[in-house]
Structure formats: C-alpha cells, structure tokens
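> Below are the structure tokens for one structure; questions will follow.
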Amino acid sequence: MNVLQELRSRFRDALASLVADPVPFAEMVKAAQDSKFGDYQANCAMPLAKLRGENPRDVAGKIIAQLKLDDLCDPPEIAGPGFINLKLRQDWLEATVTRLVTDPRLSVHTPSRSKTIVIDFSGPNIAKPMHVGHLRSTVIGDALRKILTFQGHRVIGDNHIGDWGTQFGMILYGFKNFLDREAYSRTPVAELARQYRLVNQLGDYHEAAAGLPGWRSQLAERQRALQETETTSPATPVEKDARKKQLKRLNDEVAGLRDQVASGEKKLAAVDSDATLKLLALAHPNIATLAREETAKLHTGDAENRRLWEQFMPACLAELQKMYDRLDVRFDIALGESFYQPLLAAVVTDLQSRGLARESDGAICVFIPGVDAPFIVRKTDGAFTYATTDLATIQYRVRELHADTILYVVDARQSDHFKLLFESARRWGFDQIELHHVSFGTILGDDKRPFKTRAGDTVGLESLLNEGVAKARGMLETTSADFSSRPDLTESQRQIVAAAVGLGAIKYADLSQNRESDYVFSWDKMLATNGDTSTYMQYAYARVCGIFRKGNFDRTAIRAAGGSVSLATPAERALALQLLRFAEAIDSAAAEYRPNFLTQYLFATANCFSTFFEQCPVVKADTDDLRASRLRLCDLTARVIAQGLELLGIQTIEQM
RNA sequence: GUCUCCGUAGCUCAAUUGGAUAGAGCGUCGGCCUCCGAAGCCGAAGGUUGCAAGUUCGAAUCUUGCCGGGGACGCCA
1 MNVLQELRSR FRDALASLVA DPVPFAEMVK AAQDSKFGDY QANCAMPLAK LRGENPRDVA
61 GKIIAQLKLD DLCDPPEIAG PGFINLKLRQ DWLEATVTRL VTDPRLSVHT PSRSKTIVID
121 FSGPNIAKPM HVGHLRSTVI GDALRKILTF QGHRVIGDNH IGDWGTQFGM ILYGFKNFLD
181 REAYSRTPVA ELARQYRLVN QLGDYHEAAA GLPGWRSQLA ERQRALQETE TTSPATPVEK
241 DARKKQLKRL NDEVAGLRDQ VASGEKKLAA VDSDATLKLL ALAHPNIATL AREETAKLHT
301 GDAENRRLWE QFMPACLAEL QKMYDRLDVR FDIALGESFY QPLLAAVVTD LQSRGLARES
361 DGAICVFIPG VDAPFIVRKT DGAFTYATTD LATIQYRVRE LHADTILYVV DARQSDHFKL
421 LFESARRWGF DQIELHHVSF GTILGDDKRP FKTRAGDTVG LESLLNEGVA KARGMLETTS
481 ADFSSRPDLT ESQRQIVAAA VGLGAIKYAD LSQNRESDYV FSWDKMLATN GDTSTYMQYA
541 YARVCGIFRK GNFDRTAIRA AGGSVSLATP AERALALQLL RFAEAIDSAA AEYRPNFLTQ
601 YLFATANCFS TFFEQCPVVK ADTDDLRASR LRLCDLTARV IAQGLELLGI QTIEQM
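For the first sequence, this note's numbering begins at 1 and goes up steadily by one.
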C-alpha cells in the first residue's frame, strides 16, 4: 500500500461534500515537512476556505468531521492557519510493517492500468567509442527502465543506435583510402574509429584552411568596431544603455571569432606539423564532400557500401555490448536508425500529401505555426534527416510496439528538436500517446566547462569506468575494515567489491542530481568515504548483513517464521515509517521520471538505519521478542536498500 | 536578433510542483568506540533564495522589468 495515496483517497471522499472536484485538494496531502507536525499533513483547507469564503480553520474542522481514517491515524490536529496534521497510529504502523516483512513487492502495487512504455536511451554512434557524453542517458534511462518495470508497466528499453548517419560516410571513405589492413584484422573497431577521426581531422583541416582568412578579417573588423564603440561617449542615459548592450555584443562576437580562429589555427597546425598527415591532406582536398557522397551512396543502396556496412556492424555492436555488460545495462530491443531507413520515403510523401510538409529552399520541411525553425524531413540533396527517422520511429513504436508512452532520455540541448518532433507527430495523427523528452544537463569539469581530459579531448567511457574502479580499489585498500584487516578476502572478491563501489559511485553521482541541471563531475565527491554517496548506502547494507552474519541468523528463516514487529523507540518507529514509504518513493520517481527522488529516499533510509543501529542493539536486545522484532526490521531494511539500489543499477555487497 | 534553461549556505546540490522556522552533503567547530562494521552517530555555526516591483492568507516556486551565466537557432545527430 502507498500510504500517501491511501490518505489522499480518504480525503477525496471527505471532500466530496465540500467541493465539486475534490481531486486537486486531495492531492494537497503530503508527507509532513517536519516530523514535529506528525507523519503527513493536508494543506487543502486554506485554498478551499478561500473558494468558499470561509475561515480556513473552520473548513479544516469540517473536513476532519467528514474524514474516516481513525483506523489509520490518531485524531487529526488543526495547526497554524489551517494545516491538518496527521500521525499514523502506532498499532496500525506495527501491523502494516509486519505485513511488509513478508511482502515480496515491498508494498509497491501494480498500477490498475499498466501502460506500454518505450524508453529511448543511450543511443551511441557506431564505430565511435562511447564517451562520457553517453553516460547520463545510459544510466538514467536504465534506472527508469528498471523503476517503471518494477512498478508493473510493460517497458521496452530501446537503444536507438546511430548506425546510418554522416559518420558512416567518413568511415567508408577512410576504409577505402587509408585502411591499415593489419590493424583492422587485429582490432577492427579501433581501426574504424581511427578512420573516423582521421577523415574528420582532414576535413576540419581543409575547412580551417579555407575559412581562416575570412575569419581573421572578420575578427579584425569586429575588433575595430569594438574600439570605435569604446571611444564614443554617450550623452543621454538611453544612448549609454544602447552603448553598453552593443559593447557586450561586440565583446561576445570578438571572443567567439577569436575562439574560432584559434581552433582553426590549431587544426591547421596539427596537420602541418606532421608530414604524413600533410601529404594525406594535400592528396584529399575534397574529403568532406567525398565522405558525404559515401553516405549518400550507402543510403541510395550502393552495393559496395552496403556490403561494407554489413561487414562493420557486428564488431561494432559487440564493442558496444562490452560496455553495456560492464555497466550491467540491458535493452529489450536495439533498433538503430538503419532499421527505419526503408520507411522514410513514405513518411515524407505522407506528410506532403496531408499538407503538413512542403518544399522550402529545395528541402522538404514541416512548419509549425509560431515556430520559425523548419523541421527538415528531406534535405536538398534528397537525403533524409534524423527528423524523418524520428517520425518513422514514432510510427513504428505506436503501430508495432503499441506504445502508450515514449520517453526520450536525451540531452537538454535537443529540446527544440523534440518540441518540433512531438508537435509534428501530433499533427501527423499520433495524438493519443504521451511523448516525453526526459532531458538532462551537461556533465561539467571542475572549470564548469563540459567535462574534458586535460588535453581537451572528450573522456572515453571505458577509461572513465576503469579509473572509477581503480580509485575505488585504492580507497578500499586504505579505508575498509575488511580489506585492510582481512587477508583472506580473495583477489576476485576484492575486484567484485571495487567494481560495485566504483561503478556505483559513478552512477549514483549522476542519478542523485536533479537530471535537469548540469552537474560537476568530481571523483573526490563521488568516491568520498562519507556523505551522500552510493558507498554510504552500500555500507549501511553491509552493516545490516554484518548483524546477521555475526549473530548467525538466517534471513529467510526470519521471514518464514512470521511474528510481529514492535516499535517501542523513536528510532524504530522512524525507520519503520521510512521503510513503509518505499512505494511512495518509487511512485514519485516514476511519475516525474526522476531517479533522484529514489536516491534521496535511500539516503534518508540508510540514515534512519544508522540511527537505529546506534540506538537499538539487535543481537544483544533485552528480550528474545525484541531481538526477533528488530531482526525483522533489519531484514526489511536490507531488502529495501538492496531493491532500491538495484533499481538504480547499483550493486550491493554483503562485506566490503 | 529569436527562442530556451538557469541564478538557493564558503563549495556541490535538494526543496514532494504555491505551504508552517528554505533543507542535505562537503568543509568548519564541539561531543560519542569496554558494546551488532566510527565508511557511522549526536549537536553548533553558516541565507535579504541575483536585484526590484507585482499577484494572495502564504512566493525559491507564478507575472513583469532589470543584472549575470549556459544552451539552441535550415539542410550534423
């Protein structure tokens, strides 16, 4: 049972005679903000009083008169301007927690209407090694998939792999011109990635060479304009204001052009300083165009390119799978962009025939009233875009997968794209489904700039995970009670613990943020031996397990034996109430697609347990009954923490 | 230029969607191991929620205007 939902339902009944639509008022029941107010509070009397033109405390009294919850709660109290404070009855709490001890679902009920939810997450590009930019989508998406599945929905995790885009043209061009056959037979994916980087680099070189003179003169011109503006002296406040704005804009432009010139010069120098690269660059002046042509040939069915594509795919997919295995992330399906390729032409003609899309500057676009940007579904050169693919994907997910909801766990920077996509889809006839951009912010480095290596490269995911596990290992060797004092722990056990702690730290740091905001990546913070980290929860779990191990108690036997839980002390009551709220945490995390609600809950739960652990001896409890009751509470705590972490993709270990 | 997101303790972040005295972690200061794992627990200090108006019983949250920062803006995905 979700206690909060139950209370809301009771309030809905009570409010029915006082207001036409009681639902929004019943929703104003929430967990008490401060435990001194009780366990839950209802804030509905104030707004309702306003609606009825009555005194809020009187209205609160009327609500209480209608309320039927004496089986659940002590008599409600009216406080302050009209808050209704609720405290759960001790006997009810004890009986409910006792049932929870033997409830395999930890009171999380299956929803009355189970929905089919497609979650589109991770979405890496093939043949480009996964990097830190893929981390959030992968970790958040996987957690949402697990949470919604646990809730009882039919969830389809779909990896929409980028296997058909521009980067393939580069790989094809590189494969045909620069391939190191020996390296390719040894490590095919690494060699293909090298082709991608090489073609990209040479393309950038020519772009920089062609663009630099123009950029430089633009920069000089803007700098002159800036100097001129700086020397003017405005007479009126209005002029002063305008001048200030202009200065800011010019400064931004100069800074932007400076960056552009600097980055261009860097790209130029990188090739110029390397004789081999320089020769390659001179030999392939139109490399960018030619690479695009390779993409186009692939898309139009060129046999050779298609054959190569099919040759590349298995190794690339296997390489990705290695990373997912390591992260313990699973998908139900993985339909990449290529899968939808046969459907795209029909999508465009259908949009055109319905008058939704029209030609503009040679491209076919959907225009949404009120939005300037076009949604391009076919480019001037005839190629389709990811807009087309995304529309075809929605069509497929609705028709073939019977999706009620589609979640896109994608970077916030693409919010404009999704706005256009969702509106286009709605107009196209897919207006019965919920489309939701589960957006997230950027991972930043210490300098508040996007997270990069010291050399300025993006951080590869594999090296990131290696570093996390290595750092966790180092931390464990110096800090852990078991590691330092237990020579009997085998190397493989140590590796398992280090992996659980290191990967857990990386995932938890990400999941515990409000996903909407950017967050600063910090090894020190995520791998700290204290504070709000996954380690704290894993440690709490290991401490519970320590009680069972050292007292020689069998957890399954404890559950099987039955018997009740008594909550004599405040620490026991607080822990029990917290455990009872697991369903609320799951429901709220699922409702907003926000795993950080679950991490907050788990942190509070581990905290309650630590307090209980300090104050309530279990093995040495005063009586057998008390020990048995506390053992049940401990077992339940361990199950809640393990289940919660499991839904976040974080492992627990019994000894660490 | 247009659109969009953000600004909360020294630092990193919350705030159950308009509720009571704005909460955590880190850091700082003080207390707690003869006792189930001190990776812990208990306590203290720390705030004009960028600024200014407005909406109302009540605002970090909604409105408007400034200030400051990020991001996106036609054929990349």
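For each residue, glycine too, the CB sits at the ideal point set by N, CA and C.
Under three-state DSSP, which class holds D158?
Mapped onto the first sequence, residue 158 falls at position 158. Three-state DSSP puts D158 in a strand.
> Using 10 angstroms around the beta-carbon of K245, count the other beta-carbons present and answer buried if the total reaches 16, otherwise exposed.
In the first sequence, residue 245 corresponds to position 245, counting from 1. K245 is exposed by the Cβ-count criterion.
> Suppose you measure from the CA of A14 to the CA of R426; what does that come to, to the nearest Å?
Position 14 of the first sequence, counted from the first residue, corresponds to residue 14. Position 426 of the first sequence, counted from the first residue, corresponds to residue 426. Going from the Cα of A14 to the Cα of R426 covers about 39 Å.
> When burial is assigned at 16 or more other CB atoms within 10 Å of the CB, is L511 buried or exposed?
Position 511 of the first sequence, counted from the first residue, corresponds to residue 511. By the 10 Å Cβ count, L511 comes out buried.
> Less than 9 Å separating the beta-carbons of L550 and V497?
The residue labelled residue 550 in the question sits at position 550 within the first sequence. The residue labelled residue 497 in the question sits at position 497 within the first sequence. Sequence check: residue 550 is Lys here, not Leu. Not a contact, by the Cβ cut-off of 9 Å.
> Tell me the DSSP secondary structure of K115 in three-state form.
Along the first sequence, one-based indexing puts residue 115 at 115. Three-state DSSP puts K115 in coil, outside helix and strand.
> Can you name the start and end residues of the alpha helix (DSSP H) that Q493 belongs to?
In the first sequence, residue 493 corresponds to position 493, counting from 1. 491 to 511 is the extent of the alpha helix (DSSP H) around Q493.
> Could you give the uninterrupted runs of the beta strand (DSSP E) lying entirely in the segment 345 to 393, keeping only those of 3 residues or more?
Whole beta strand (DSSP E) segments, 3+ residues: 357 to 360, 363 to 366, 375 to 378.
> Report the rounded CA-to-CA distance for I653 versus M537, giving the unit in angstroms.
Position 653 of the first sequence, counting from 1, holds the residue named residue 653. Position 537 of the first sequence, counting from 1, holds the residue named residue 537. Taking the straight line joining both Cα atoms gives about 11 Å.
> Helix or strand or just coil, what does DSSP make of F440?
As a first step, residue 440 must be located in the first sequence, where it is residue number 440. Three-state DSSP puts F440 in a strand.
> Given 8 Å as the limit, tell me if E516 has its C-beta closer than that to any heavy atom belonging to the ligand NAP.
By its list of ligands, the structure shown contains no ligand whatsoever, and the ligand NAP lies outside what it can speak to.
> Please identify the residue among E94, A296, S185, S564 whose C-alpha is closest to the C-alpha of W164.
Translated into positions along the first sequence, residue 164 becomes position 164. Checked all of E94, A296, S185, S564; the closest Cα to W164 is A296.
> Skipping 5 residues on each side, what residues in its chain have a beta carbon closer than 7 Å to that of I433?
As a working mapping, residue 433 is identified with position 433 in the first sequence. Around I433: V398, A403, D404, T405, I406.
> Quick one: any contact between the segment 578 to 590 and the segment 104 to 118, if contact means 3 or more CB pairs under 8 Å?
Verdict: yes, contact present.
> When the Cβ atoms of the segment 131 to 148 are set against those of the segment 439 to 452, are three or more pairs found closer than 8 Å?
Cβ pair count under 8 Å is three or more, so yes.
> Output the residue ranges of the alpha helix (DSSP H) runs that lie fully inside the segment 582 to 640 and measure 4 residues or longer, sorted by chain position.
List check, alpha helix (DSSP H) in window: 582 to 592, 596 to 615.
> In its own chain, which residues sit with a C-beta less than 6 Å from the C-beta of F483, not counting the 5 before and 5 after it?
Numbered from its first residue, the first sequence carries residue 483 at position 483. Only L476, E477 meet the Cβ criterion.
> Are the beta-carbon atoms belonging to I641 and A606 less than 9 Å from one another?
Working through the first sequence from its first residue, we reach residue 641 at position 641. Working through the first sequence from its first residue, we reach residue 606 at position 606. Yes, they are a contact pair.
> Assign G429 to buried or exposed, taking buried as 16 or more other Cβ atoms, counted over all protein chains shown, within 10 Å of its Cβ.
Working through the first sequence from its first residue, we reach residue 429 at position 429. Exposed.
> Secondary structure at T458, three-state DSSP: helix, strand or coil?
For the purposes of this step, residue 458 is taken as residue 458 along the first sequence, with counting starting at 1. In the structure shown, T458 sits in a strand (DSSP, three-state: E or B).
> Going by C-alpha distance, which of E491, T442, A499 is nearest N466?
Here the question's residue 466 lines up with position 466 in the first sequence. Out of E491, T442, A499, A499 has the C-alpha closest to the C-alpha of N466.
> Closest to A95 by C-alpha separation, out of R594, M656, A576, A591, would be which residue?
Residue mapping note: residue 95 aligns to position 95 of the first sequence, counting from 1. The residue with the shortest Cα to Cα distance from A95 is A576.
> Taking the beta strand (DSSP E) that F83 belongs to, which residues open and close that run?
Sequence index remark: in the first sequence, residue 83 carries index 83 (1-based). Looking at the DSSP string, the run of the beta strand (DSSP E) that includes F83 is 83 to 86.
> With 16 as the cutoff for other CB atoms within 10 Å, does P124 come out buried or exposed?
As a first step, residue 124 must be located in the first sequence, where it is residue number 124. Flag for P124 reads buried.
> Looking at the secondary structure, which residues open and close the alpha helix (DSSP H) in which I558 lies?
In the first sequence, residue 558 corresponds to position 558, counting from 1. Segment 555 to 561, the alpha helix (DSSP H) holding I558.
> Are at least three pairs of beta-carbons, each pair with one atom in the segment 364 to 378 and one in the segment 415 to 424, less than 8 Å apart?
Result yes; three or more Cβ-Cβ pairs closer than 8 Å.
> Give me the DSSP bridge partner(s) of L41.
Here residue 41 corresponds to residue number 41 of the first sequence, with the count starting at 1. In the sequence as presented, Leu is not what sits at residue 41; that position holds Gln. Answer is K30, N85.
> Run through DSSP, which three-state label would E304 get?
Translated into the one-based positions of the first sequence, residue 304 becomes position 304. The answer is helix: DSSP assigns E304 an H, G or I state.
> Are there 16 or more other CB atoms within 10 angstroms of the CB of E221, so buried, or fewer, so exposed?
In the first sequence, counting from the first residue as 1, residue 221 sits at position 221. Burial call: exposed.
> How about A621 and R630: do their beta carbons lie closer than 9 Å?
In the first sequence, the residue the question calls residue 621 occupies position 621. In the first sequence, the residue the question calls residue 630 occupies position 630. Yes. Within cutoff.
> Which residue's Cα is closest to the Cα of P22: T388, A42, G169, G38?
Position 22 of the first sequence, counting from 1, holds the residue named residue 22. Comparing Cα-Cα distances from P22 to each of T388, A42, G169, G38, the minimum goes to A42.
> Residue range of the beta strand (DSSP E) that I406 falls in?
Position 406 of the first sequence holds residue 406. I406 -> beta strand (DSSP E) spans 405 to 411.
> Suppose you measure from the CA of P663 to the CA of R330; what does that come to, to the nearest Å?
Not covered by the structure: residue 663. The range shown for the chain is 1 to 656.
> Are the beta-carbon atoms belonging to E516 and A412 less than 9 Å from one another?
The sequence position of residue 516 within the first sequence is 516, counting from 1. The sequence position of residue 412 within the first sequence is 412, counting from 1. Yes.
> Using a Cβ-Cβ cutoff of less than 7 Å, which residues in the same chain neighbour T663 once the five nearest sequence positions on both sides are dropped?
Given that the chain is displayed from residue 1 to residue 656, the structure contains no residue 663 and the question cannot be resolved.
> Identify which residue in D39, I147, R258 has its Cα closest to the Cα of S588.
Translated into the one-based positions of the first sequence, residue 588 becomes position 588. For the residues D39, I147, R258, the minimum Cα distance to S588 belongs to I147.
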